[in-house]
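Chemist: The structure under discussion is supplied below as structure tokens; questions concerning it will follow.
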């Protein structure tokens with residue numbers, strides 16, 4: 147439990163600093179907008195490039211990868227289906243909602259939890275790589291083709307549709323890092339250090355931007371927050387995704403013991419703040435992403451404690 151508390155304490159402190167910066171007006175009226183774009187266009191691509199370029203790709207071929215990918219797609223699709231039928235949301239909001247329900251906080255919270263609770267940071271590596279290499283590009287491509295184009299999305303040429311993913315900085319950085327890892331090239335330290343230095347600002351930058359977004363608003367405030375969307379995404383994230391992970395890992399893949407415990411804990415992690423950064427970039431579903439991340443972060447504390455009590 148000490149690892150759970152330590153991991154969440156780091157998150158809440160940095161978010162609180164962001165909130166304080168917003169309250170004091172230190173970064174001006176456009177601080178959140180500028181910081182969010184800096185994280186999206188510069189810091190996160192640098193982090194993804196250095197992470198993938200130095201990764202051991204053999205770790206991705208594990209039960210964790212199978213469970214992470216299957217449950218993410220299943221929960222995301224379930225959100226889209228329910229939200230479309232029940233709430234009749236447009237595709238960009240459905241995409242942000244699906245990410246809020248299934249995109250796990252595998253970096254800034256997942257790594258500390260993996261170290262302190264599971265005893266090994268490699269448990270989150272397959273999930274991190276899946277979200278970087280597969281899940282994010284799919285979601286960002288959908289947002290590129292809908293959120294920024296509006297009604298003109300249907301008029302896009304075939305070339306525009308095909309090349310859209312390759313114009314996104316996060317997708318490009320992930321592809322570049324993965325290519326470096328696949329060819330086995332070790333870039334010189336002098337070349338990698340600038341990317342490492344910039345990439346180190348991605349996690350705190352995303353948390354600070356999230357904290358800035360909380361100033362002046364009330365989370366789940368009636369009339370301004372899509373509370374039904376948030377409730378749906380949060381329930382799927384904290385309840386449905388861990389249950390699916392347990393059922394698939396234990397009954398379909400035959401996993402048990404500490405590895406089963408690790409898979410379920412990782413699936414119980416809250417919505418990543420990166421979803422809010424994506425929403426901010428495309429100016430769609432921002433409140434949904436913000437409130438879902440806040441609610442799932444709070445709810446994941448007792449949820450992980452329960453998983454620990456049952457399976458550890």
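Residue numbers (my numbering): 147 to 458. Here a beta-carbon is modelled for each residue, glycine too, at the ideal position from N, C-alpha and C.
Run through DSSP, which three-state label would residue 478 get?
Modeler: There is no way to answer for residue 478, as the model of the chain reaches only from 147 to 458.
Chemist: In angstroms with no decimal places, state the Cα-to-Cα distance between residue 207 and residue 272.
Modeler: Residue 207 and residue 272: Cα-Cα distance of roughly 8 Å.
Chemist: Which runs of the alpha helix (DSSP H) fall wholly inside the region 202-245 and span at least 4 residues, in chain order?
Modeler: You should have 209-232.
Chemist: Taking residue 418 as the reference, which of 209, 456, 172 and 252 has the closest Cα?
Modeler: Selected option, being the one with the closest Cα: 252.
Chemist: Three or more C-beta pairs under 8 Å: does that hold for the region 393-400 against the region 187-194?
Modeler: The region 393-400, when compared against the region 187-194, does not touch it at the 8 Å Cβ threshold.
Chemist: Which residues in the same chain have their Cβ closer than 8 Å to the Cβ of residue 276, if we skip the five residues on either side of it in sequence?
Modeler: Hits under 8 Å: 206, 211, 214, 215 and 218.
Chemist: Keeping to the same chain, check which residues put their C-beta closer than 7 Å to that of residue 410; ignore five residues upstream and five downstream.
Modeler: So the qualifying residues of the chain are 388, 391, 392, 453 and 457.
Chemist: So the alpha helix (DSSP H) residue 404 belongs to, where does it begin and stop?
Modeler: It spans 403-414 - the alpha helix (DSSP H) in which residue 404 sits, taken as one unbroken run.
Chemist: Check whether the region 169-187 touches the region 343-362, counting contact only when three or more Cβ pairs, one atom from each stretch, lie closer than 8 Å.
Modeler: Yes: the two stretches touch, three or more of their Cβ pairs being nearer than 8 Å.
Chemist: Using a Cβ distance threshold of 8 Å, determine whether the region 367-382 contacts the region 224-236, with at least three qualifying pairs required.
Modeler: With a cut-off of 8 Å, the region 224-236 and the region 367-382 count as touching, because enough Cβ pairs lie within range.
Chemist: Check this for me: beta carbons of residue 242 and residue 415, under 9 Å apart or not?
Modeler: No, they are not a contact pair.
Chemist: Going by beta carbon distance, what residues of the same chain come within less than 6 Å of residue 285, once the five residues before and after it are set aside?
Modeler: Counting only Cβ-Cβ distances below 6 Å, and skipping sequence neighbours, we find 241 and 245.
Chemist: Return yes when the Cβ of residue 289 is within less than 9 Å of the Cβ of residue 424, no when it is not.
Modeler: It is a contact, given that the beta carbons lie within the stated cut-off.
Chemist: Please state the DSSP three-state secondary structure of residue 347.
Modeler: Three-state DSSP puts residue 347 in coil, outside helix and strand.
Chemist: Could you check whether residue 198 and residue 330 sit closer than 9 Å to each other, using their CB atoms as the reference points?
Modeler: No. Outside cutoff.
Chemist: Skipping 5 residues on each side, what residues in its chain have a beta carbon closer than 6 Å to that of residue 437?
Modeler: Around residue 437: 365, 366, 371 and 376.
Chemist: Flag this pair as yes or no: are the beta carbons of residue 317 and residue 283 separated by less than 9 Å?
Modeler: Yes, the Cβ-Cβ distance between residue 317 and residue 283 is below 9 Å.
Chemist: Just to confirm before moving on: does the CB-CB distance between residue 247 and residue 445 stay below 9 Å?
Modeler: No.
Chemist: Looking at residue 412 and residue 249, is the spacing between their C-beta atoms short of 9 Å?
Modeler: Their beta carbons are not under 9 Å apart, which means residue 249 does not touch residue 412 by this criterion.
Chemist: Excluding the 5 residues preceding and the 5 following residue 449 in the sequence, name in chain order all residues of the same chain whose CB lies nearer than 6 Å to its CB.
Modeler: Same-chain partners within the cutoff: 384 and 414.
Chemist: What is the DSSP secondary structure of residue 417, reduced to helix, strand or coil?
Modeler: Strand.
Chemist: Since I believe residue 168 is in contact with residue 357 (beta carbons under 8 Å), could you give me their beta-carbon distance rounded to a whole number of angstroms?
Modeler: So it is a contact: roughly 7 Å between Cβ atoms.
Chemist: Relative to the C-alpha of residue 281, which candidate in 264, 320, 313 and 263 has its C-alpha closest?
Modeler: Looking at the Cα atoms, 320 is the closest of the given residues.
Chemist: Rounding to the nearest angstrom, what Cα-Cα distance links residue 171 and residue 426 in this structure?
Modeler: If I take the Cα positions, the gap works out to 19 Å.
Chemist: So, under 8 Å CB-CB, residue 400 and residue 189 are touching, yes? Tell me the CB distance rounded to an integer number of Å.
Modeler: About 40 Å; that fails the 8 Å criterion.
Chemist: For residue 383, name the three-state secondary structure that DSSP assigns.
Modeler: Of the three classes helix, strand and coil, the one that applies to residue 383 here is helix, per DSSP.
Chemist: Run through DSSP, which three-state label would residue 313 get?
Modeler: Residue 313 falls in the helix class under three-state DSSP.
Chemist: If residue 447 and residue 158 are in contact, beta carbons under 8 Å, what's the gap, nearest whole angstrom?
Modeler: Actually they do not touch by this definition, with Cβ atoms about 10 Å apart.
Chemist: Work out the CA separation of residue 433 and residue 439 for me, nearest whole Å.
Modeler: Answer to the nearest angstrom: the Cα atoms are 10 Å apart.
Chemist: Where residue 333 and residue 342 are concerned, what is the direct C-alpha to C-alpha distance, given to the nearest angstrom?
Modeler: Distance between the alpha carbons of residue 333 and residue 342 is about 12 Å.
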